[in-house]
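For what it's worth, my numbering labels the leading residue of the sequence shown as 454, then goes sequentially.
Inspection log for the structure reproduced underneath, given as structure tokens.
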Amino acid sequence: HLNINDNTVEGISHDYLDIMSVQFHPEASPGPWDTEKWFFDTIVKKVMK
């Protein structure tokens with residue numbers, strides 16, 4: 454995942470291992486909530502498996 458302002462890496466995920474990480478707090482900044490929803494929904498789905 455890239456920061457749209459400066460193209461720095463802000464998160465990673467693996468294609469076939471259950472590994473994902475973000476380098477920011479998904480709930481911390483105002484604006485679109487697409488990352489927050491995607492990130493937490495993905496975690497819940499993986500936990501429910």
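No residue lacks a Cβ here, since even glycine has one placed at the ideal position from N, Cα and C.
Item                                                                                            : Value
Opposing strand residues paired with Leu455 [DSSP bridges]                                      : Val462
Cβ-based neighbour list, Ile496, same chain, cut-off 7 Å, excluding 5 preceding and 5 following : none
Within 8 Å, strictly: CB atoms of Ile472 and Ser466                                             : yes
Pairwise C-alpha distance: Lys499 and Phe477                                                    : 20 Å
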